[in-house]
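Visitor: There's a structure below that I have some questions on.
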Amino acid sequence: MKKLTYLICFAGLMVQACNSEVKQENPFLKDFDTPHGVPPFQLIHNSHYLPAFQEGVKQQETEIEAIVNNPEAPTFENTIVAMEKSGQLLQKVQAVFINLREANTNDSMQRIAEQVAPLLSAHEDGINLNEKLFQRIKTVYDNKEKENLNTEQMEVLNKYYKDFVRGGANLSAEDKEKLKKINNELSLLAIKFGNNLLKETNNYRLVIDDEKDLSGLPAGVVAAAAETAKEVGLEGKWVFTLHNPSVMPFLQYADNRNLREQIYRAYTNRGNNNNEYDNKEVISKLIALKTEKANLLGFPDYASYVLDENMAKNPENVYSLCNQIWEAALKVAKKEAATLQKMINKTDGSFQLQPWDWRYYAEKVKQAQYGLDENELRQYFPLEQVREGAFYTAHKLYGITFEPRTDLPLPHPEAKAFELKDADGSFIGIYYADYFPRSSKSQGAWMDAFRSQSFLLESTPVITNVCNFTKPTGETPALLTFDEVQTLFHEFGHALHGLLSKCTYPSVAGTNVVHDFVELPSQIMENWAGDPEVLKVYARHYKTGEPIPQELIDKLQKSSHFNQGFATTEFMAAALLDMAYHTVKTTEPIHVEKFEKETLDKLGLIPEITVRYRSTYFSHIFDSGYSAGYYAYTWAEVLDADAFQAFKETGDIFNPEKALAFRQYVLAKGGSDDAMKLYREFRGKDPSIEPLLKRRGLN
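For the sequence shown, this note's numbering begins at 344 and goes up steadily by one.
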C-alpha cells in the first residue's frame, strides 16, 4: 500500500502543514473541475482515498450533530431534508472508490477497502443508533399528517423511519453494541469473500501447447486464447481462463472432453479448494452473523428481514413463485437431458451425460434442430454496433440521444464516454461503458453511479456500465454472442433507470428502489435486443456491413425456447439455494458443502446440471446486495414479460404512449412511490405470470 502523505510527515507543525497540503492536492476535497463535474480520474491516486473517507466521515458527523442540536422543533425540512443534504463528500469518494475497486482493483485498493470497511460500518451505526437523531425522525414521522407532504416526500420520510428501525434504533444499549460488532464483521467478511474469489479466478490457467487440443473451437476463440497467452508471457501457446468469455466458449465447443472436464471443475470449485482463498468458513460466518442480526431486529431469519421491505414481503411469497417456475422448468430440463444423451449415443459413444458435456452437446443439438450456428450469428454482433442498437432503441422509445465525448476523463483507458441529451436537446447526464475483462476487474456485468440524480442537490447523473465481454483480437473487432448482446441491453436498461431519474431526493432517486423492482428496467430491454425489427437495424456483418438475413432471424426466433429448461433450472436452483441459506434459523456453524448438496438434492436438481452459482463463488449473495434477493431477477422477469406484452398488444413495440408511460412511472420515479403502484400506473392492471411462462416455453 502506498504510504499516505500525512503519515510520512514530521511531528508538530509539520503534521499540520502536511495535512493542509493533502487537502489542497486531494481532488476529492474540492469541486471536480471537469466537464459536467465528472470525476477527474487521471488526478485520483490511491493515497487520496483514505484521507477523503476520513474527512467525509468527519464532515457528516458535524452535519448530523447540527441536526440533532437544532433547537427548533423537528420538521421534514430541518431533519429529513437536512439528512438528505448531509454526507456529500463521503458519497462522492465512496462512489468513485467502490466503482474503481470493482472495475480496476489492485492490492493497494484491497487493503484500503479493508481499512475503510470498519470505518464506514462504525459511521453508519453511529448514525442509525443515534438516539437523539432517531427521536427527531420519529417526531416528524408521528406528525407526518400535519406536514402536508407530497408523495415523494412521504416515501422519503417512511424510508428514513423504517431504515432507522431496521438499523437498530429501537434496540437496547447492549443490543446496539452487539449490532455494531456484527455489522463490522459482516463488512470485512464480504470484502474477504470477493477478494478470495478474484484471486481464485485469476490464479487458474489452462495452457494448451498442442494444436490438436483446440479442435472444435472457433477461430475467434483460438485467437483470443493466443492473445491471452502472449499477455502472460507464453507466446506460441494458448491460454484459457475462468473469465466467462474464455471458459464458456471452451465448454461449448472444445472437442477434447478431458480438458472440458478440467476447466469445468476449476470453474465450479472456485473458493472451494481448501487453500488460503477458500470461502467455506467465510460463508459459514456470514450466515451465522446475518441470522444473529435478523434475530436481534425481531425477525426469524435474514430472508424475512430483507424481504420485509421488498415487493415479495416474505419468504413464503418468494417460494410460491420460485417453486411454480422450478417445477415447470425441471420437467423441461429432464427432456433436454434425454435429447442430449441421444446425441451422445448417436455421435460419440455410450458415456453418461455430465455437466461439462451439456453446453457442448446442446450446441450440436441446436445446430441439428434449427441449423443455428452461434459463430455465424456473432458475425453480425460487433460490439460497437450492438451498443448503437441499444442507443437506437432508447432513442425510438424516449427521443433521447447519446453523443460520444472524447474530452472527458475516463475510469479506465478502455472505457468510452457519452453525453445523453433529451429530445429537446437539453443535457441529461454522462454515460460510461467499460466492456472487456481484465485481471483487475470483478466478474459479471453491472451498472453503478459515479453520481446520482437529485434536484435537491442539483446533481445530474454520471452512470457506468461495466461488463466482461469477448475482446477484439488482431484485426477482428469484439464479436458478441447473443447472450452477451442481451447482457449489454440488460445493463443499459439499468443505466437508463439511473440516467432518466427525475427525483428530488437522492435516497429515492434512480435505482434506489426495492430489489425485486430494480431488474424491471434492465430485463425489459432484453426484449428489444432480440426483436426482428430492432435486429434489422443494428445486426450487421462486421466485414460486409450487410444486415442480418431474415433466414438467420427466423432460426433465432424458432430456437428461442431451446435449452430454456437448462437455463431456468440452473438459475432457479441458485435462487432457491440463496433462500435456503437465508432462511436458516440457527447461528451454529454450517458445513457449506453438505448444506449445498442437501438443499439441491431436496429440490431434485438432476446431476447433469450444476447450480448457476455454487456457494463459494455466489458473489451476488455473499459480497453484493442480493442476499435473499437472487429471486428478484425472476420476480422482475414476470413484470418485464408482462410490461413488454403491453407494447406488443398495441401492435407497435415502440408505441409512444406506452414508452412515455414507462418513462414517467418507472424510469423517472425511482423509489419515490410504492413499486407495485407505479407498475399499475404504467400497465393499468396487475402483472400476469403467463407472458413469462409462454416466453420461456414452460407453459
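Glycine included, C-beta positions come from ideal geometry on N, C-alpha and C.
Note that the structure is predicted; figures quoted are calculated from it, not measured.
How about residue 811 and residue 776: do their beta carbons lie closer than 8 Å?
Guide: no
Visitor: Output the distance between the C-alpha atoms of residue 874 and residue 882, rounded to the nearest integer angstrom.
Guide: Whole-angstrom Cα-Cα distance: 11 Å.
Visitor: Give a yes or no on contact between the region 465–474 and the region 497–512, applying the rule of three or more CB pairs nearer than 8 Å.
Guide: yes
Visitor: Any idea which residues DSSP pairs residue 794 with across the strands?
Guide: 805
Visitor: If you drop the 5 nearest sequence neighbours on each side, which residues of the same chain put their C-beta closer than 6 Å to that of residue 402?
Guide: 432
Visitor: Below 8 Å on the Cβ atoms is my guess for residue 540 versus residue 444; work out the distance and round it to an integer in Å.
Guide: No, residue 540 and residue 444 are not in contact; Cβ-Cβ is about 14 Å, not under 8 Å.
Visitor: What residues in its chain sit with their C-beta under 7 Å from that of residue 605, if we drop five residues either side in the sequence?
Guide: Closer than 7 Å at Cβ, skipping near neighbours: 549.
Visitor: Note down the Cα distance separating residue 1025 from residue 1010, rounded to an integer number of angstroms.
Guide: 11 Å
Visitor: Out of 531, 919, 704, point me to the one whose CA is closest to residue 665's CA.
Guide: 919
Visitor: Could you please give the first and the last residue of the uninterrupted beta strand (DSSP E) stretch that includes residue 744?
Guide: 744–747
Visitor: Is it buried or exposed, residue 693, if we count other Cβ atoms within 10 angstroms and call 16 or more buried?
Guide: exposed
Visitor: Answer yes or no: do residue 724 and residue 745 have a C-beta to C-beta separation smaller than 8 Å?
Guide: no
Visitor: Quick check on residue 1022: does DSSP put it in helix, strand or coil?
Guide: The three-state reading of DSSP puts residue 1022 in helix, counting H, G and I together.
Visitor: On the DSSP letters alone, give me the boundaries of the alpha helix (DSSP H) that residue 508 sits inside.
Guide: 494–509
Visitor: Which one or two residues does DSSP pair with residue 883 in a beta bridge?
Guide: 890
Visitor: Return the chain-ordered list of same chain residues with a C-beta closer than 6 Å to the C-beta of residue 366, the five sequence neighbours on each side being excluded.
Guide: Note that residue 366 has pLDDT 46, beneath the 50 cutoff, so the model's placement of it is unreliable and no number is given.
Visitor: For residue 575, does the count of other Cβ atoms within 10 angstroms reach 16, so buried, or fall short, so exposed?
Guide: exposed
Visitor: Check whether the Cβ atoms of residue 649 and residue 972 lie closer than 8 Å to each other.
Guide: yes
Visitor: By DSSP's criteria, residue 470 is part of a beta bridge. Which residues make up the other side?
Guide: Looking at the DSSP assignment, residue 470 forms no beta bridge with any residue, so it has no partner.
Visitor: Spell out the partners DSSP gives residue 822 in its beta bridges.
Guide: The secondary-structure analysis by DSSP pairs residue 822 across a beta bridge with 725.
Visitor: So residue 836 and residue 867 are supposed to be a Cβ contact under 8 Å. How far apart are they, rounded?
Guide: 6 Å
Visitor: In three-state terms, what does DSSP make of residue 953?
Guide: coil
Visitor: Rounded to a whole number of angstroms, what is the C-alpha to C-alpha distance between residue 362 and residue 386?
Guide: With a pLDDT of only 42 at residue 362, under 50, the local geometry of the prediction cannot be trusted, and the value read off the model is given with reservation. Taking the straight line from one Cα to the other gives about 18 Å.
Visitor: For residue 542, which residues from the same chain have a beta carbon less than 6 Å from its beta carbon, with the 5 sequence-adjacent residues on both sides left out?
Guide: 620
Visitor: Compare the Cα-Cα distances from residue 798 to each of 958, 771, 818, 813 and report the closest residue.
Guide: 771
Visitor: If you draw a straight line from the C-alpha of residue 637 to the C-alpha of residue 534, how long is it?
Guide: Rounded to whole angstroms, residue 637 to residue 534 spans 21 Å at the Cα level.
Visitor: Taking the runs of the alpha helix (DSSP H) that are 4 residues or longer, which of them lie wholly in the region 383–430?
Guide: 389–411, 425–428
Visitor: For residue 536 and residue 743, what's the separation of their Cα atoms in angstroms?
Guide: Rounded to the nearest whole angstrom, the CA to CA distance from residue 536 to residue 743 is 40 Å.
Visitor: So, does the region 943–963 touch the region 659–679, judging by three or more C-beta pairs under 8 Å?
Guide: yes
Visitor: Grouping DSSP H, G and I as helix and E and B as strand, with all else coil, what is residue 773?
Guide: strand
Visitor: Among residues of its own chain, excluding the 5 on either side of residue 864, which ones have a beta-carbon nearer than 7 Å to its beta-carbon?
Guide: 836, 837, 839, 840, 1009, 1010
Visitor: Under a Cβ-count criterion, where at least 16 other Cβ atoms within 10 Å of its own Cβ denotes burial, should residue 1031 be classed as buried or exposed?
Guide: exposed
Visitor: Using the rule of at least 16 other Cβ atoms within 10 Å of the residue's Cβ for burial, across every protein chain shown, is residue 876 buried or exposed?
Guide: Result: exposed.
Visitor: Check whether the region 589–598 touches the region 558–573, taking contact to mean three or more Cβ pairs, one atom from each stretch, closer than 8 Å.
Guide: yes
Visitor: So, is residue 584 buried or exposed, given that buried needs 16 or more other C-beta atoms within 10 angstroms?
Guide: By the neighbour-count rule (16 or more Cβ atoms within 10 Å), residue 584 is buried.
Visitor: By Cβ distance below 8 Å, which residues in the same chain neighbour residue 396 in space, the five residues on each side in sequence not counted?
Guide: 433, 436, 437, 440, 459, 462, 463
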